[in-house]
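Q: In full-length UniProt numbering, the protein residues as written are 1 to 889. Can you read through this structure? Questions will come right after.
If you want it as structure tokens, here you go:
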């Protein structure tokens, strides 16, 4: 029996005599048993006659050296040699068997056969290796070299086909079978309506092998490996060709089976060489032993490059024909389309010598290759004769330009970096993102997004910034206050530039250290929220003549103190909080912050949704990872009226909380995430940010606050179309302390019950002095309010939203908590003293009831004169002497 358990053929059995003894024909003398123990040296494949392989000089004791299945009229198995060991027939060495080593040879099929030329066919009696080998004598060096090459090539084949025999194992034990991984594929990002915004990652769509159309599989087999379903994974001719070219110095070639091509890919074997071919073959055999043909074909079809930057059969089918390789789909690929795609594999891209087989680049060659594939499909039985006879070369679609809804190059592309950041926040790693297969639906509403861009971009003809200096920049953010979903986001025209709405880094790793803008008076909504928490009333009075704790005067944007809060009995020393909020005076908010403490205002901003605030040194403070002690160290009372920089997106979150009457929702850009299972093709929903809200401020106090904020749009002369209810707050911050006459930031924030809207206008890149078209200084109630109004009006009209109202006002709070001077007590209104009219002879009876001059006995008296400063309460006794006078009392 040979090592595979096969009956030993006497004619093919290697004769192993004593030291350096030649083998004899069948039935020849055998050495004594101890000849094996006595023999030493290295095994040599010598000049065996037809049907025999001669091995001499085998190490002692115990076995026969076997060289598997080499056939020259028979097989020459050479068993295990050496004491307890096995003959090692190496990857490039034949004959030098080592004692105790395990034979390991490249990737040949188990039980396969190789044809070995008869001795002498290549010149000489073969190649002998070892102490007993003899170098063939030849007069022609060229002929001798050729013989060596032929023998070496034959030896490679012997090694390869003997793999399954030597020890019943694979040739190279150190060649591990790489685990096939799902190919990296596209991540598809959509807007809320399901329109594609972007496709990121590898342009590939994986399809589970069970779902792949047999038509597509057959076409690829016909084009690349006609015998794919019948061989064991190895192309022996290809291996021999590669070996021959390697030995002769010719061009390296890599024609292989589909299994070998996939083995090369999965093992990342890039070069084409003899050693790579061996390793490729080993892996191919291992793949064939572990996976079915359909599985291997599925793996191959998902990985292969099919031109035009399309990877995998599904991406190619969609791209070239608008078809699908998914069996049973309504647009399942046809045999004719499949043949075109399969024909591309041979050469998907042009080179200097050939233009390849892409039907869009080289249609003539593509059609020629297509005919070849179609004929093979017919020969394989993959199509009928009728289908073949009716064949018509299908026209491939030209690669379309960028789709109209895609984000590439458009302002909406800015959200992609926020999508990446949010994926990280949800625990999805870069590796998972890179592997792809994610279907991400964003919160972006196409109508709200269009309105944001139209209102905020200077490139839009309807934008109030159109025609203004190119150094001006706006940010427009629309958030659903009931969910926290970002419905519209404009942070600049260049999606690869600075994100002026959120200052998110381009790689989506986090917020830039140098981000943010001073929110100015628009930040007062958080100071008010803190005041409402502390039970302040909008009727509290504040003194605008008081100074800061450092003795400086509090600026009110150049407001004349004589005109400040001058309404009714109010003055700059007794200004109520409601008027101060509407007219945006600063001093009440400074003193509220001073009374409450800086940390209380910061806490209200944090609870509303502000995460980052920059201090005066430009250091970013993360409110979620710091406490009151840090806030008090880094910020002063000026935070109460918006000195310190914040992100427009953070501010928009806080604004949405106020619009939602104190319920905070976490702002987010992702509505849903689905992951494609590469094994089944099923979509699995992954975790996303919750839409549930958290009550952070009491609704009754918010109703009091929003009732005041509702008066601001009208005060700013920017009421919404149709008188729609809205709340608002403006804000403007000076360009720098030395140029207080110029503003560098201008805001208008607020919204309607269905949409919170935040608008910022400032400098593009560097801060600039902002002016209106008229040349006047820009305030938040000017251009920013115009943008805000245009945005909300456009969305409400497009969505046809009802005119919802904010909750009815519930006044509350303690009016005594301010620092202003009490209003003077007003005396009750005075009534006229009628006593002179009814005195004596001048009395007029109509005006003096009960008193008729000269008529004694009139006791009617004056009963209605209450409130008289003389205390007359109507207790007149009457005037019986006709005088009409009554003393009152």
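The beta-carbon is built from N, C-alpha and C at its ideal position, and this holds for glycine as well. Keep in mind that this is a model prediction, so the values were computed, not measured.
Shortest alpha-carbon distance to residue 821 belongs to which of 750, 546 and 689?
A: As a position in the chain shown, residue 821 is number 821, starting the count at 1. Looking at the Cα atoms, 546 is the closest of the given residues.
Q: Along the chain, which unbroken stretches of the alpha helix (DSSP H) at least 4 residues long are found entirely within the region 274 to 316?
A: The qualifying runs are 274 to 290 and 293 to 303.
Q: Any idea what DSSP makes of residue 623, helix, strand or coil?
A: Numbered from 1 along the chain shown, position 623 holds the residue referred to as residue 623. Residue 623 falls in the helix class under three-state DSSP.
Q: What is the C-beta distance between residue 283 and residue 315, in whole angstroms, given that I count them as a contact (C-beta under 8 Å)?
A: If you number the chain shown from 1, residue 283 lands on position 283. If you number the chain shown from 1, residue 315 lands on position 315. No, residue 283 and residue 315 are not in contact; Cβ-Cβ is about 26 Å, not under 8 Å.
Q: Residue 750 by DSSP, collapsed to three states: which one?
A: Translated into positions along the chain shown, residue 750 becomes position 750. If DSSP states are grouped into helix, strand and coil, residue 750 belongs with the strands.
Q: Excluding five sequence neighbours on each side, which residues of the same chain lie with their C-beta closer than 7 Å to the C-beta of residue 519?
A: Taking the first residue of the chain shown as position 1, residue 519 is located at position 519. Excluding sequence neighbours, residue 519 sits near 642, 646, 651, 731 and 747.
Q: Over the uninterrupted alpha helix (DSSP H) stretch that includes residue 482, give me the two end residues.
A: What you label residue 482 is simply residue 482 of the chain shown in a count that begins at 1. It is not in any alpha helix (DSSP H) - residue 482 carries neither H nor E in the DSSP assignment.
Q: Can you name the start and end residues of the beta strand (DSSP E) that residue 526 belongs to?
A: Taking the chain shown and counting its residues from 1, the one referred to as residue 526 is at position 526. No beta strand (DSSP E) holds residue 526; the alpha helix (DSSP H) holding it covers 524 to 533.
Q: Given this structure, state the Cα-to-Cα distance separating residue 663 from residue 483, to the nearest angstrom.
A: As a working mapping, residue 663 is identified with position 663 in the chain shown. As a working mapping, residue 483 is identified with position 483 in the chain shown. Each residue's alpha carbon lies about 10 Å from the other.
Q: Buried or exposed: residue 453, going by 16 or more other Cβ atoms within 10 Å of its Cβ?
A: In the chain shown, residue 453 corresponds to position 453, counting from 1. That one is buried.
Q: If you check the beta carbons only, do residue 508 and residue 391 fall under 8 Å apart?
A: Against the chain shown, residue 508 aligns to sequence position 508. Against the chain shown, residue 391 aligns to sequence position 391. In this structure, residue 391 does not lie closer than 8 Å to residue 508 by Cβ.
Q: Are there 16 or more other CB atoms within 10 angstroms of the CB of residue 816, so buried, or fewer, so exposed?
A: Counting from one through the chain shown, the residue named residue 816 turns up at place 816. Exposed: under 16 other Cβ atoms inside 10 Å.
Q: Considering just the uninterrupted stretch of the beta strand (DSSP E) at residue 368, what are its terminal residues?
A: The residue given as residue 368 occupies position 368 in the chain shown. First-last for residue 368: 363 to 380, but that is the alpha helix (DSSP H), not the beta strand (DSSP E).
Q: Ignore the nearest five residues each way along the sequence and tell me which others in residue 672's own chain have a CB closer than 7 Å to its CB.
A: Counting from one through the chain shown, the residue named residue 672 turns up at place 672. So the qualifying residues of the chain are 441, 685 and 688.
Q: Does the distance from the C-beta atom of residue 474 to that of residue 759 stay below 8 Å?
A: Here residue 474 corresponds to residue number 474 of the chain shown, with the count starting at 1. Here residue 759 corresponds to residue number 759 of the chain shown, with the count starting at 1. Against a cut-off of 8 Å, the Cβ pair of residue 759 and residue 474 comes out as a contact.
Q: Taking 8 Å as the cut-off, does the region 501 to 517 touch the region 569 to 579 (at least 3 CB pairs, one atom from each stretch)?
A: The region 569 to 579 is not in contact with the region 501 to 517.
Q: Do you know how far the Cα of residue 297 is from the Cα of residue 217?
A: In the chain shown, residue 217 corresponds to position 217, counting from 1. In the chain shown, residue 297 corresponds to position 297, counting from 1. Their Cα atoms are separated by approximately 7 Å.
Q: Any idea what DSSP makes of residue 760, helix, strand or coil?
A: In the chain shown, the residue the question calls residue 760 occupies position 760. In this structure, residue 760 counts as strand in the three-state DSSP scheme.
Q: Nearest to residue 359 by CA position, among 804, 303 and 336, is which residue?
A: Stepping through the chain shown from its first residue, residue 359 is reached at position 359. Looking at the Cα atoms, 336 is the closest of the given residues.
Q: So, for residue 808: in the same chain, excluding its five sequence neighbours on each side, which residues have a beta-carbon less than 7 Å away from its beta-carbon?
A: Counted from its first residue, the chain shown places residue 808 at position 808. Correct list, in chain order: 703.
Q: Quick one, are the C-beta atoms of residue 783 and residue 772 less than 8 Å apart?
A: Within the chain shown, the letter at position 783 stands for residue 783. Within the chain shown, the letter at position 772 stands for residue 772. Yes. Within cutoff.
Q: Just reading off the alpha helix (DSSP H) that residue 732 is part of, what are its end residues?
A: To locate residue 732, count along the chain shown from 1; it is residue 732. Taken as a continuous stretch (DSSP letters only), residue 732 belongs to no alpha helix (DSSP H), being part of the beta strand (DSSP E) at 727 to 734.
Q: May I have the straight-line CA-CA distance separating residue 295 from residue 326, to the nearest angstrom?
A: Within the chain shown, numbered from 1, the residue matching residue 295 stands at position 295. Within the chain shown, numbered from 1, the residue matching residue 326 stands at position 326. Each residue's Cα considered, the two are about 15 Å apart.
Q: For a quick check, are the C-beta atoms of residue 257 and residue 230 less than 8 Å apart?
A: The residue you call residue 257 lines up with position 257 of the chain shown. The residue you call residue 230 lines up with position 230 of the chain shown. The answer is no: Cβ separation not under 8 Å.
Q: Figure out for me which residue from 194, 379, 322 and 183 has the closest Cα to the Cα of residue 265.
A: Indexing the chain shown from 1 puts residue 265 at position 265. Measuring from the Cα of residue 265, the nearest candidate turns out to be 183.
Q: Give the single residue among 755, 607, 615 and 637 whose Cα lies nearest to the Cα of residue 624.
A: Walking along the chain shown from the start, residue 624 turns up at place 624. With distances taken between Cα atoms, residue 624 lies closest to 607.
Q: So the candidates are 717, 749 and 456; which of them puts its Cα closest to the Cα of residue 728?
A: In the chain shown, residue 728 corresponds to position 728, counting from 1. Nearest of 717, 749 and 456 to residue 728, Cα basis: 749.
Q: Got a sec? Which residues, its chain only, sit under 6 Å from residue 780 by beta carbon, not counting five neighbours each side?
A: To locate residue 780, count along the chain shown from 1; it is residue 780. Correct list, in chain order: 730, 731, 732, 746, 747 and 748.
Q: Label residue 825 either buried or exposed according to how many other C-beta atoms from any shown protein chain fall within 10 Å of its C-beta, with 16 as the threshold for buried.
A: Residue numbering aside, residue 825 sits at position 825 when the chain shown is read from its first letter. The residue is exposed, with fewer than 16 neighbouring Cβ atoms inside 10 Å.
Q: Touching or not, the region 346 to 363 and the region 393 to 400, by the rule of three or more beta carbon pairs under 8 Å?
A: These segments touch.
Q: Look up residue 216 in the DSSP assignment and say whether it is helix, strand or coil.
A: Counting from 1 along the chain shown, the entry for residue 216 is found at position 216. Residue 216 falls in the helix class under three-state DSSP.
Q: Apart from the five residues on each side of it in sequence, which residues of its chain come closer than 8 Å, Cβ to Cβ, to residue 422?
A: Along the chain shown, read from residue 1 onward, the residue named residue 422 stands at position 422. Closer than 8 Å at the Cβ level, and outside the excluded window around residue 422, lie 668, 669, 670 and 689.
Q: Can you tell which of 619, 661 and 655 has its C-alpha closest to the C-alpha of residue 644?
A: Residue mapping note: residue 644 aligns to position 644 of the chain shown, counting from 1. Nearest option by C-alpha distance: 619.
Q: For residue 373, collect the residues of the same chain with a Cβ closer than 7 Å to its Cβ; drop the 5 residues on either side in sequence, then sort them by chain order.
A: The residue you call residue 373 lines up with position 373 of the chain shown. Taken in chain order, the residues that qualify are 219, 222, 223, 339, 342 and 343.
Q: Leaving aside the five residues before and after residue 352 along the sequence, list all residues of the same chain whose C-beta is less than 6 Å from its C-beta, in chain order.
A: Here residue 352 refers to the residue found at position 352 of the chain shown. Closer than 6 Å at the Cβ level, and outside the excluded window around residue 352, lies no residue.
Q: Over the uninterrupted beta strand (DSSP E) stretch that includes residue 189, give me the two end residues.
A: Within the chain shown, the letter at position 189 stands for residue 189. Residue 189 -> beta strand (DSSP E) spans 186 to 190.
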